[in-house]
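J.:
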Amino acid sequence: MRYEEQEFTKSFDIKIWKKVLPFIMNFKGILFMVIALNLFCALADIALPLFQRYAIDNFIEEKTLSGLGVFAAAYAVVIGLQALSVIFFTRGSMKIEMRLGRDMKKACFEHLQTLSFSYYNVTPVGYILARVMNDTNKIAGLVAWNMVDMLWASSYVIGVFIAMLLLNWKLALIVMLIVPAIAVLTVYFQNRILNWNRKVRKINSRITSAYNEGIMGAKTSKTLVIEEKNAGEFQELTQEMRVAGVRAARLSAIYLPLVLFFSSLATAVVLAKGGNMVLDNLLMIGTLSAFSSYAVGIFEPIQQLARNLAEVISVQANIERVAGLLEEEPKITDTPEVIEKYGDSFEPKKENWEELKGDIEFKDVSFHYPDGNEEVLSHFNLKIPAGTTVAIVGETGAGKSTLVNLACRFFEPTGGQILIDGRDYRERSQLWLHSNIGYVLQNPHLFSGTVMDNIRYGNLEATDEQIIAAAKAVSADQVVEKLEKGYQSDVGEGGDMLSTGEKQLISFARAVLADPRIFVLDEATSSIDTQTEQLIQNATLQLLEGRTSFLIAHRLSTIRQADVILVVKDGRIIEQGTHKELLKKKGYYHDLYSKQFMEESAQRILA
Amino acid sequence: MEKRKTGKLHVITRFLKGNLHMFVLVLVFSMLNTVFNSLTPQIVRISVDSVIGGEPYNLPGWLITALNLEALRGSGWQVLLLAGAAIMVTAIISGLCNYVSKMEMAKGSEGFVKGIRDQLYAHIQKLPFSWHVKHQTGEIIQRCTSDVEVIRNFVCNQMVEVFRLVFLIALYMGIMFSMNVKITLVALAFIPVIIGYSGFFYSRIAKRFLSADEAEGELSSTVQENLTGVRVVRAFGREKFEIQRFDEKNEKFANLWIRLGRLMSAYWGIGDLITGLQILTVICVGVMSSVNGDISLGEFLAFVSYNSTLIWPVRGLGRILSEMSKAGVSIDRVAYILDSEEEQDPADALTPPIDRDIKFEHINFSYGTGYPVLKDVNFTIPAGKTFAILGGTGSGKSTLVHLLNRLYDLPAECGRITIGGVDIADMSREHLRRNIGMVLQEPFLFSRGIADNIAITREEVRHEEIREAARIACVDDSIQNFHHGYETIVGERGVTLSGGQKQRVAIARMLMQKAPIMVFDDSLSAVDAETDAKIREALQEEMGKATVILISHRITTLMQADCILVLDDGKVAQMGTHQELINQDGIYKCIYDIQMNSEDRKELFSEELPESCKYCNKAAVK
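If you're matching them up, the sequences are chains A and B in order. One point on numbering: in UniProt numbering, the residue at position 373 of the first sequence is 373, and numbering is uninterrupted. One point on numbering: in UniProt numbering, the residue at position 246 of the second sequence is 246, and numbering is uninterrupted.
1) Identify which residue in A/A476, A/L483, A/G494 and A/I313 has its Cα closest to the Cα of A/A511.
2) Rounding to the nearest angstrom, what Cα-Cα distance links B/A455 and B/R509 in this structure?
3) Against chain B, which members of the region 443–467 of chain A pass a CB distance test of less than 7 Å?
4) List the residues of chain B that A/K106 touches, going by C-beta distances under 7 Å, in chain order.
5) Kindly identify the DSSP beta-bridge partner or partners of B/R462.
6) Hey, out of B/H463, B/Q344, B/S220 and B/D332, whose CA is closest to B/H431's CA?
7) Are the CB atoms of B/G298 and B/V48 within a distance shorter than 8 Å?
8) How would you label B/H463, buried or exposed, when you count the other beta carbons within 10 angstroms and need 16 or more for buried?
9) Span of the alpha helix (DSSP H) holding B/Q78?
10) Is DSSP giving A/G486 helix, strand or coil here?
11) Give me the residue from A/E412, A/I46 and A/S205 with the minimum Cα distance to A/H368.
12) Please decide whether B/Q560 counts as near chain A, where near means a Cβ-Cβ distance under 8 Å.
13) Quick one: Cα of B/I489 to Cα of B/I450, how far?
14) To the nearest angstrom, how far is the alpha carbon of B/G199 from that of B/I320?
15) Suppose you measure from the CA of A/L592 to the CA of B/R416; what does that come to, to the nearest Å?
16) Would you list, in chain order, the members of the region 207–225 of chain A that have their beta-carbon closer than 8 Å to a beta-carbon of chain B?
17) Contact between the region 118–128 of chain B and the region 211–221 of chain A: three or more CB pairs below 8 Å?
18) Between the beta-carbon of B/A506 and the beta-carbon of B/V401, is there less than 8 Å?
19) Since A/G438 sits in a beta bridge, which residues does DSSP pair it with?
20) What are the partner residues of A/I158, as DSSP defines its beta bridges?
21) From the DSSP output, read off the bridge partner residues of B/C563.
22) Between which residues of its own chain and A/Q190 is the CB-CB distance below 7 Å, once the five residues before and five after are set aside?
23) Below 7 Å CB to CB, which residues in the same chain sit around A/G324 once its five sequence neighbours on both sides are set aside?
24) Look up A/L505 in the DSSP assignment and give the residues it is bridged to.
25) Checking contacts by CB at 8 Å: is A/M94 closer than that to chain B?
26) How is B/D355 classed by DSSP in three states: helix, strand or coil?
27) With 8 Å set as the bound, which would you pick, yes or no: does the beta-carbon of A/Y425 sit closer than that to a beta-carbon of chain B?
28) Flag this pair as yes or no: are the beta carbons of B/F379 and B/L403 separated by less than 8 Å?
29) Please list, in chain order, the chain A residues whose beta carbon lies closer than 7 Å to that of B/R204.
30) So for B/G576, helix, strand or coil by DSSP?
31) Assign A/Y439 to buried or exposed, taking buried as 16 or more other Cβ atoms, counted over all protein chains shown, within 10 Å of its Cβ.
32) Could you work out which residue in B/L390, B/I551, B/N33 and B/D569 is closest to B/L168 when comparing CA atoms only?
33) Let me check understanding here. Comparing Cα to Cα, which of B/R45, B/N98 and B/A470 lies closest to B/L59?
34) So, does the CB of B/L39 fall closer than 8 Å to a CB anywhere in chain A?
35) For B/I43, collect the residues of the same chain with a Cβ closer than 8 Å to its Cβ; drop the 5 residues on either side in sequence, then sort them by chain order.
36) Report the rounded CA-to-CA distance for B/K134 versus B/M176, giving the unit in angstroms.
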């Protein structure tokens, strides 16, 4: 499935905004304060030219300084108050932005914890991450700043109109004639500038991918001697960028002078017409000066309004994406009765949980993945008594994890039932089952933090001693010993500072600590040094002891240990039995095994 | 690594070169723009003083005569119209200047940044493979994108802006001084305060910004880890724990920004206050001077107008200056890449024919200071023959190929590799690599159509030729089954191919190269044995006179070779034909027996793997 940036909606849509309203409503009080302070700021901005008018008409024209002290004090009070309201409104806006963003992120994250694997399988991590982080930031920023800005700008413009009308309605009407021109101009250019900027951003992300490919593919490019060809293609791309960049700049290079032209037109009109009125004694000269301040002053807010309006429309796309995430239905849910009795994933009622023994039965199970129509299991039956080891073998990509996904209820069967300890597992909560599973992945996932933290993930209540004991049980202590700070060593993001083998041993310890009834191991295919390999073998034996286990196996020794072997090809189980039975059959398992045997024996001899 | 140290200035001037004239135009026109903008308050001043106030024109004599202003004295209306027209004229001229400077700026800055981007890309392509191994992709990309953007901003916006602001401040100060020294001094007294205060706050804000930014990064990786580790989270039922952990980071992120917000609010609020007080002071002093008769009303208005135009740039200057200090780091980071030495062939590099015998003569090699990978390796690959190499992980077989292709160069005194008697160190790398086709174990496909991938080494190519190569590599059928066939995009933006499909596409790509030497570095490992045999059969016919080097540990793949070399721990353990090797005790016979001898196999299947090999005495299980 492809995930490309969606096109933006073109017009304002109140329905979309209703989706964020519940989040915004939490900040009613503070939002109200921010709005009030902004209104005050606008009022002060309108008042300042009037001070100048007063100074001209009452001091300069009258040639007196009496009252200048009061004037200065009043002026200072206004700008002091304005500064204070700027301080408090900025703080308020920042609080709204961050808290609103925080709440939306939290909602997204919590929702993500309930979504099913069918969602994760088809949605790239980067795509989800962008929703949780970037889109929420964008929305919160818009509500906290742009909307408030718009309010300031519109009240300023309206206030200035009122002030001008009160000062001299004839002159005011003339100035107002110019406003529609600016509005039309702004709307026309803003859309085009926005479009070009979007194009520029798209080309920019292509340039980044081109760098990525140029670096990742450096070895291949060298062996194929296509460095120059690559560089040539890259230059075409940067040329495209250059053209788009200049085009985008041309639009704003035309737009801004045009706006300034109209703003000068207003000044010219005020000067000519207003000056004439002064000559005819119809207007005080101070009023004329206030007028020209207003005439210049309203243009920036008008542009700002248009810019913000465009922002508001473009943020609708962000809202739709976040809402899309929040509206995504979890495919696997517990019924209300189950939640009633066993609790949900966040508030479990552990006192009602039965102990899990580990008998698993696939009863007439059929299954197809949500994104595919082909049935990968049909009417499959298998009884796995507690303590049985099941190995699943097959080529890479043959669909070996399907059974595990079903047994762990990461997916649910589309037909039939899966019974655990004799009861359909849908009659118990997901958390009940998951709390009894230990999982070691092929490419084990560790969380950033210390080794200790990572092992403790298996059992949050475990003491340090228990953790060390668990590590010892699977020989992970040998890995830990080699690390500089022992159990307190940082494993890096995703455990990157450790090798795959080492990560696997740590994740074994994590699984042991959880003491699960069901154990799942997806063996690593990548080469692991012989010594670590041996440790892993022993650890596996340790873990299989007394547990119902599923092994997605790649190594002969692991496969041979299994009580039942399931052979998977093209997503289906084609053979099933013990190692000896299957070999006798001389079927697909025999082929697979021989090939594996060849590779492994050669590798062992050459090692 | 050798490193030429380039100065920061050099990096910038190097890319400015072709675009310098545009930047000159930008400066000239933005200066003109500023000058014309400064005229408007003068027009207002004259209108107020001489038309409305009736004082003599305070203008150069030629202008008064030219416009015939004295004659118009009686008709205020006409002079005012003239003033309005003058404002419009200056607005139009300054608008045009603005347009020209903006356009030249866009052209110059796009050209400048394109120069850096192209140079970086081409340079990275040419950097030796060892450089690529040493550096992380994400880190390099960061430098090529964000750091380049910082440099562009520095050169194209900040430097030009600082120039413009300094000019504007100087010009306006000059005008103000010429009008009235006392008020100007009062106005200027605030400027150091404003610049100092912006700088002060800005460096603090920058610090807090950094920690807030880090918190965002932390939060982002927490989410990412949760998403990539979703299986672990669910399998252990740790949803609640994850949410707690997330909440903590989320709260921290929000709070750091709110704290940053406090600082910014103070910065803005105090900035507004100082600016407001400055304007107030200028108004008061202006009023007093005007009442005292030192300046006229028009001059007062012009003064107030100049002052408010001046005060905003001054506030901006402090911010820009403190932002500019960050650019140095970015320039260094980009210069580091540009200063790394490219692979370079000397002008007299040889381009001899490559379809000759290949000789490895006493090769010793190690990566960096580490353990020796190859120890006195000595052998010949006869031209036109198929040569196979058997060796385990870390035995040095891939290193042999790296050396042959000169992805790594042999240091002096470490032996040499010759083709047709010519040392490959004296050959042009391009010539050598063009004539050696290689398929790597984990091939890299470029994100473009499959057909384009296969034909990537060639200019004009017929579709039939591409299909033929794909057919030989047994991948034509799979490609035909894709939704868009040969036009299917692979990689990041398209479909994901399986390991086996990738390997086969890479084989087809290599075939298109029509090289006299072909190397298959374990390149059929992800293909099943049956297809493997089919591909080899098809290749056999196609290869003709090419020299083929096969690396594998499947005996069935190796046995048809004209000569087989067994590499063990960096040394040549055995060499000979299949027949010769199975008749002597050693690793080859050992593996052959296990892989091919059905009697042995039957026995082994029910037992463990052999403890040790009876022919080579190597422990099979350690």
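Think of the CB as a built atom: it goes at the ideal place given N, C-alpha and C, for glycine as much as any other residue.
T.: By the coordinates alone:
1) A/A476
2) 6 Å
3) H445, F447, S448, Y457, G458 and L460
4) D247 and N250
5) Note: B/R462 sits in no beta bridge, so no partner.
6) B/Q344
7) yes
8) exposed
9) G76 to K126
10) helix
11) A/E412
12) no
13) 6 Å
14) 9 Å
15) 42 Å
16) I207, T208, S209, A210, Y211, N212, E213, G214, I215, M216, G217, A218, K219, T220, S221, K222, T223, L224 and V225
17) yes
18) no
19) A/F519
20) Its beta-bridge partners do not exist; DSSP assigns none.
21) B/F387
22) A306, R307 and A310
23) none
24) Partner(s): none; A/L505 has no beta bridge.
25) yes
26) coil
27) no
28) no
29) The contacting residues do not exist; B/R204 stays about 15 Å from chain A at best.
30) strand
31) buried
32) B/N33
33) B/R45
34) no
35) A83, A86, I87 and T90
36) 60 Å
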